[in-house]
Each structure stands twice: as C-alpha cells, then as structure tokens.
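Read through the structure below, which is laid out as structure tokens, and then see the notes.
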Amino acid sequence: MPISDRLPASRSFAAIASSLFVIAASAWSVAGPAHAQSASNTVAVTIQPTTTALPVVVAEKKGIFAKNDLSVKWSVSQVSISDSIAALGRQFNVAMGTQPALIAAAGQGVPIVAITGGALDTIKVPTSNIVARGGSGIETFKQLEGKTVGTLTLTGNIHFALLNILQKEGVDLNSIRWVTGTVPQLPDLLKAGRVDAIEEIEPFATSAIAAGGTALGDPFRSIGDRAFIGLWLAERTWANENKDLVLRFNKSMDEASQWIVANNAEAREILSSYTGLKGVPLEKTPIPEFHFSSTAEDLSKQLRADLDLWSDILKRTSDFPQVNTNELLPNWAK
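The end of the sequence shown is residue 405 by our numbering, with every number in the run present.
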C-alpha cells in the first residue's frame, strides 16, 4: 500500500471525480436515462453493506414498503459508491451516496439528485473519529500539518469534513501525505507506525483508541451537532416525475428507522444478515440516528442548507466546479 505525497485537494478530487463519472456522463448523453416515469410501484435500490442502509432492509423485511404500496428490490453493491451512482437511471432507481459524490457527479454533468437524507452523525451517536498514533505527540488537528494520515478515500465525506477542520485551523493541506486503506487496515497501519493518524469509522475508531491511540475528535462536529453522513440519490428525470413514489419510499424509510429504535436486538440481526457482521463487532457497531424527508417541504428544508454547506467546504478545499443547489434536488423540492 504505497504512501504518496499529497496532491492539492483540488487536483486530486477533480481528477478522481473526472475518471469516475466520464462513463456515466457519456451513457446519458448518448442514450438518455433508461428509467423515466415509473410504470409501477417497483423501486430498484442498490445499498452498501453498512449500518446506513439498515432502514431499507428493515422496511422490506418487516413489510413496511408493502404497507405503503411499494415493491422495493434491493441488492448489496459489490462496487464503490461512485460506481453505484453511475448505474442510476439504468440499472437502479435509487442508490446510497455522499454529498461530495453527488456534487462531483453534478459537476461532471451527470443528472443525479438527492431524494432524502438518511443516517446522521450526532453528539449522541458519533460514527467516526480521527485517531493519532500513541506516542506521536499529536493531540490536536493542527498538529497534523506535515504528517502522514490514513484515509478510507480521498473523496469521502469523512475526509472532506477533516479537510474542513484543517483548513479552518490554518493547516497547509499540501503538507500532508495520505495513504488509503480499508476500514480494518487503517488501525493496523497506525499501530505499525506507517501513518501518524487515521480517519476511521466506528467501532474501529474506538478499538484504535483502546489500543493506545489518541482521539482527536469526530470530524463531523465541524459540520454541526447533527450531520448527514449519507444521502439517497436518484436520476433527476425519474425523481422529478415520481414525486409520490419517492415520498412513499421516504415515508417507509422513516417508519423503518422508528422500528429500529424500538427493536434494537432484532435490528442487529437484520444488520448481520446483509453485512456479515457477527459477535463483538456486531454488538459494538453503533446504529446511527436517521432522518428521512416524507414531504417536499422537509426535503428542501433539510438538504438545501446541508448541500450549501458541503458546496462551501468543497469550494474552500478543492477547485471542483461549483454547482447550483437547485440542480441537486428534484424540481418539486424547490
């Protein structure tokens, strides 16, 4: 796993985004979206094997989608979030995504919009942390200047939340070197001294701290006490033409999130069924709080400010093309 000198955040982000979305952009420009007005109440969804997808699986298994006159077919993605987004409008109607990925797609001309928020990082249920190596002397974010930091991806919202902190602290972003790794690999890199700090999700962040690491803090606190860590995305034309279907999907997800709160033990069994988590990791993995928008007004209220904030973060930490927030939401959520 090579450690490379960090390119300026602007160049690395734009280059990665360009390569990820060029195929999808070409597909739409040549053939147009395969899905426009929905012919039925069927929604095809691709999910990641994470806690953030739990409401979809719960809503299907507990009959919540069916109660709301929906037939939802979900499948666990075997590719990255960006590649899942590229399949929207062709293979799937709805996919999980992040704010940077959505803005990246829109900046490349891919017609994708957010149809609801979802999982939240909150003070009550934090989902990530920046952990410094024990004995490194690093106790603050500012001390990451000139260091080597492990990251899950250079285009993720955890990464850009950290860049937001570092930029506000006056850290020279170009002085930091980055190494990418998987969730379980990053604590090993930290312990081996290959990196000075890591961006990590729970429960692996807590495990790294218990093993002697120093917690610098949850990067999402730079966003606020409550921050969306994921969104649900759809192809723009499909979302524009299927308002009722989308809102029933969102309403079902909201009902599923309430069921999860009331049935924690069974919810964890369902979580295990599609993530493969077992034993202690399953027990220690925090199930986040959720918020889904079941009305157009709530969707606009919740996500317009959130997307404006993320656009500002990307503007300050990258040279990625700016996108009008209206382009990131269905036309009925204006």
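Ideal Cβ positions, reconstructed from N, Cα and C, are used throughout, including at glycine. None of these values were measured; they are calculated from a predicted model.
Tell me which same chain residues have a C-beta within less than 8 Å of the C-beta of Thr-396, skipping the five on either side of it?
Correct list, in chain order: Arg-375, Leu-378, Asp-379 and Ser-382.
Thinking just about the alpha-carbon of each residue, which of Tyr-345, Gly-189, Glu-306 and Gly-134 is nearest to the one in Ala-115?
Nearest of Tyr-345, Gly-189, Glu-306 and Gly-134 to Ala-115, Cα basis: Glu-306.
If we count Cβ pairs, one from each stretch, closer than 8 Å, do we get three or more for the stretch 245-259 versus the stretch 315-328?
Verdict: no, contact absent.
Please tell me whether Ile-186 and Leu-304 are closer than 8 Å, where the distance is taken between their beta carbons.
For Ile-186 and Leu-304, yes; Cβs fall inside 8 Å.
Quick check on the DSSP output: the beta strand (DSSP E) that includes Arg-319 runs from which residue to which?
Element bounds for Arg-319: not the beta strand (DSSP E) but the alpha helix (DSSP H), 314-333.
Can you list the alpha helix (DSSP H) stretches of 4 or more residues lying completely in the stretch 147-205, in chain order?
The stretch 147-205 contains these whole alpha helix (DSSP H) runs: 152-157 and 170-178.
What did DSSP end up calling Val-116 once you bin it into helix, strand or coil?
In the structure shown, Val-116 sits in a strand (DSSP, three-state: E or B).
Please return the same chain residues whose Cβ sits closer than 6 Å to the Cβ of Ser-371, not counting the five positions on each side in sequence.
Ala-404.
Kindly indicate the opening and closing residues of the alpha helix (DSSP H) around Val-128.
From DSSP, the alpha helix (DSSP H) with Val-128 extends over 125-132.
For Gly-283, which residues from the same chain have a beta carbon less than 6 Å from its beta carbon, with the 5 sequence-adjacent residues on both sides left out?
Contacts found: Gly-205.
Glu-354 lies in the alpha helix (DSSP H); which residues open and close that run?
Segment 350-355, the alpha helix (DSSP H) holding Glu-354.
What separation, rounded to the nearest whole angstrom, lies between the Cα atoms of Arg-319 and Asp-243?
Approximately 46 Å, taken between the alpha carbons.
Check whether the Cβ atoms of Ala-276 and Val-202 sit closer than 8 Å, and answer yes or no.
It is a contact, given that the beta carbons lie within the stated cut-off.
I'd like the span of the beta strand (DSSP E) that includes Trp-249, first residue to last.
248-251 is the extent of the beta strand (DSSP E) around Trp-249.
Could you have a look at Leu-225 and say whether DSSP puts it in helix, strand or coil?
Looking at Leu-225 - three-state DSSP - the assignment turns out to be coil, as it is neither helix nor strand.
Under a three-way DSSP split, which group does Lys-213 fall into?
Lys-213: helix per DSSP, three-state reduction.
With the cut-off set at 8 Å, would you say Ser-364 and Asn-321 are in Cβ contact?
Contact flag set, yes.
Do you know offhand how far Asn-311's Cα is from Pro-401's?
Using only the alpha carbons, I get a separation of about 5 Å.
Among residues of its own chain, excluding the 5 on either side of Thr-222, which ones have a beta-carbon nearer than 7 Å to its beta-carbon?
Correct list, in chain order: His-230, Trp-249, Thr-251 and Glu-270.
Apply the 10 Å Cβ neighbour rule to Gly-189 and answer buried if 16 or more other Cβ atoms are within range, or exposed otherwise.
Classification of Gly-189: buried, given that the 10 Å Cβ count is 16 or more.
Does DSSP put Ala-96 in a helix, in a strand, or in coil?
A caution first: Ala-96 carries a pLDDT of 46, below 50, which makes its placement in the model too unreliable to give a value.
Once DSSP output is grouped into helix, strand and coil, what is the label at Lys-144?
Strand.
Across which residues does DSSP place Trp-303 in a beta bridge pair?
Its beta-bridge partners are Met-167 and Thr-187.
Using 8 Å as the threshold, is the stretch 231-241 in touch with the stretch 146-162, meaning 3 or more CB pairs across them?
Verdict: no, contact absent.
Comparing C-alpha positions only, which one of Lys-133, Leu-225, Thr-117 and Ile-183 sits nearest to Gln-329?
Minimum Cα distance to Gln-329 is reached at Lys-133.
Does the Cβ of Ile-194 have 16 or more other Cβ atoms within 10 Å, making it buried, or fewer, making it exposed?
Exposed: under 16 other Cβ atoms inside 10 Å.
Less than 8 Å between C-beta atoms, sequence neighbours within five positions excluded: which residues of the same chain meet that for Ser-111?
Result list for Ser-111: Ser-142, in chain order.
Which value, in whole angstroms, describes the spacing of the CA atoms of Leu-353 and Ile-341?
In a straight line, the C-alpha of Leu-353 is about 11 Å away from that of Ile-341.
Assuming Lys-147 and Pro-120 are in contact, meaning their beta carbons sit under 8 Å apart, how far apart are those beta carbons, in whole angstroms?
Looking at the sequence itself, residue 147 is Val, so the reference to Lys does not match. At roughly 5 Å, the Cβ-Cβ gap stays under 8 Å, so Val-147 and Pro-120 are in contact.
Whole angstroms are fine: how far does the CA of Ala-175 sit from the CA of Val-184?
Going by the C-alpha atoms only, they are around 12 Å apart.
Please look up how many angstroms separate the CB atoms of Ala-137 and Ile-152, rounded, as I've assumed it's under 8 Å.
The Cβ separation is near 28 Å, so there is no contact.
Measure the alpha-carbon distance for Asn-335 versus Gly-301 and round it to whole angstroms.
So the alpha carbons of these two residues sit roughly 21 Å apart.
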